[in-house]
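Counting with the working numbering, you get residues 18 to 329 for the letters of the sequence shown.
Down below is the structure, laid out as structure tokens.
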Amino acid sequence: MMDVLNLMLVALLLGLAVWTVVSRGAFAAVAGFIAYGLLLTLVWVQLHGIDVALTEAAIGGGLTGALLINAAKRLRHTEAAARAESASAATRGLALLVSIGLTVALALGVLSLPDPAPSLAAEVAAKMGATEVGNPITAVLLGFRAMDTLLEAIVLLFALIGVWSLTPDEYWGGRPGLRQSAEPNGLLAYAARLLPPLGLVIGAYIFWIGADHPGGKFQGATLMAAMWLLVLMAGLADAPPISRRWLRALLVAGPLIFIGVGVLGAVSAGAFLAYPVGSAKPLILVIEFALMPTLTLILALMLLGAAQRDET
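Spelled out as structure tokens, the structure:
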């Protein structure tokens with residue numbers, strides 16, 4: 018029975034992938050992409066990758082889907098012209114051949130792997146005790162490939178700077194997005210009063226247990242960013258101007274503290290981002306605590322977009 022369900026899940030994933038690619042409507046393609054991300058979450062759960070499943074649901078199907086919906090809304094006026102365009106038969110044929118070739122190459126690469134497939138899992142498990150954390154995903158992300166995690170945080174910050182760079186000159190330093198308003202006694206305002214306290218507690222819990230169980234800063238930050246956005250959508254609060262010093266300080270604090278821990282490792286342990294013996298878990302928690310507000314702000318502010326109005 019489980020094999021049948023897995024085959025059905027694979028068929029749905031392939032169908033949604035094809036739908037997303039061939040759909041001529043931007044909104045329809047985005048809807049297919051979001052559904053694809055949610056189904057992919059089930060795949061990761063089935064593969065026992067709970068951390069990856071949480072990230073896929075929060076980032077892949079959630080935040081990315083919301084960004085694409087905003088993009089589709091902005092591109093709505095160009096869809097008529099896009100529908101009138103049609104690729105030549107040669108272009109379609111070449112795209113089909115490239116897609117088939119890539120699929121065959123990937124399939125051959127997977128099928129040609131030895132049994133069991135090569136893996137670093139044994140080495141990670143043997144050395145995970147040195148990190149003093151119980152979650153192997155956290156151990157890998159902040160121990161064995163901490164440099165990649167640092168660069169990911171910096172890339173997200175640069176992405177937000179890129180979004181802000183689209184701000185018109187007259188609104189530079191102003192508030193991102195438009196001022197939202199909702200019926201004070203409506204459903205949205207009610208949800209914005211009821212859900213954020215629960216979401217903040219759940220987000221904090223997911224973040225806190227990330228050192229030893231599935232969870233972590235990205236998943237917790239995404240949930241907290243969603244709660245903040247809900248409050249903004251209901252008009253219960255307004256987004257801060259991007260010129261605020263405290264906002265910019267929080268945005269750079271996470272990466273700077275991460276770099277500071279790396280320099281400390283270079284001085285005390287002989288390598289950048291190495292952890293002194295007996296101090297690995299406390300330093301990992303310092304990094305996680307520092308990145309949490311930074312990621313929360315970045316994810317929410319990226320969705321709000323560039324400044325579109327004055328500070329007042």
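Note that CB positions come from ideal geometry on N, CA and C, so glycine has one too.
Query raised in the report: The alpha helix (DSSP H) with Gln-197 in it runs from where to where?
Result: It is not in any alpha helix (DSSP H) - Gln-197 carries neither H nor E in the DSSP assignment.
Query raised in the report: From what residue to what residue does the beta strand (DSSP E) around Ala-323 run?
Result: Counting along the chain, Ala-323 falls outside any beta strand (DSSP E), and DSSP gives it neither H nor E.
Requested in this report: Using 10 angstroms around the beta-carbon of Lys-90, count the other beta-carbons present and answer buried if the total reaches 16, otherwise exposed.
Outcome: exposed
Requested in this report: Let me know if Pro-272 comes out buried or exposed under the rule of 16 or more other beta-carbons within 10 Å of its beta-carbon.
Outcome: buried
Query raised in the report: Which value, in whole angstroms, describes the spacing of the CA atoms of Pro-201 and Leu-240?
Result: 24 Å
Report task. Counting only the same chain and skipping the five closest in sequence on each side, list residues whose C-beta sits under 7 Å from that of Leu-24. Result -> none
Query raised in the report: Any C-beta of chain B sitting closer than 8 Å to the C-beta of Ser-40?
Result: Although the question refers to chain B, the structure presented lacks it and comprises just one protein chain.
Query - Straight-line gap, Ile-274 to Ile-171 (C-alpha atoms, nearest Å) - result: 12 Å
Query raised in the report: DSSP on Arg-261, reduced to helix/strand/coil?
Result: coil
Report task. Can you give me the start and stop residues for the alpha helix (DSSP H) that Glu-169 sits inside? Result -> 163-181
Requested in this report: Could you pull out every residue in the same chain whose Cβ sits closer than 6 Å to the Cβ of Ala-199, ignoring the five residues on either side in sequence?
Outcome: Leu-205, Ala-206, Ala-251, Gly-252
Query - Reference Pro-231, options Leu-167, Val-157, Gly-191, Ala-208, closest by Cα - result: Val-157
Requested in this report: Enumerate in chain order the residues of its own chain whose CB-to-CB distance from Tyr-53 is below 7 Å, with the five nearest sequence positions on each side excluded.
Outcome: Leu-30, Leu-33, Ala-34, Thr-37
Report task. Can you grab the Cα-Cα spacing for the pair Ile-67 / Trp-61, in whole Å? Result -> Each residue's Cα considered, the two are about 7 Å apart.
Query - Terminal residues of the alpha helix (DSSP H) in which Asn-87 lies - result: 81-91
**Report entry** Nearest candidate by alpha-carbon position, reference Gly-237, set Ala-324, Tyr-222, Arg-326, Ala-291
**Finding:** Tyr-222
**Report entry** Of the residues Leu-71, Ala-46, Arg-261, the one placed nearest Ala-88, counting alpha carbons only
**Finding:** Considering only alpha carbons, the answer is Ala-46.
Query raised in the report: Which residues in the same chain as Leu-26 place their Cβ atom closer than 7 Å to its Cβ, once the five residues preceding and following it in sequence are excluded?
Result: Leu-56, Leu-59, Val-60
Query raised in the report: Contact check, Gly-277 vs Ala-291 under 8 Å by CB: the rounded distance?
Result: The Cβ separation is near 14 Å, so there is no contact.
Query - Nonlocal neighbours in the same chain, by C-beta distance under 6 Å from Ala-75, ignoring five residues either side - result: Exclusion of the five residues before and after Ala-75 leaves Gln-236, Thr-239 as the residues of its chain whose Cβ lies within less than 6 Å of its Cβ.
Query - Check whether Leu-247 and Ala-208 have beta carbons under 8 Å apart - result: It is a contact, given that the beta carbons lie within the stated cut-off.
Query raised in the report: Can you name the residues that DSSP bridges to Pro-293?
Result: None, per the DSSP bridge assignment.
Requested in this report: Mind checking which residues open and close the alpha helix (DSSP H) that includes Tyr-207?
Outcome: 204-225
Query raised in the report: With which residues is Arg-192 paired in a DSSP beta bridge?
Result: Arg-326
Query - Local conformation of Gly-282 per DSSP, three classes - result: In the displayed model, Gly-282 falls within a helix according to three-state DSSP.
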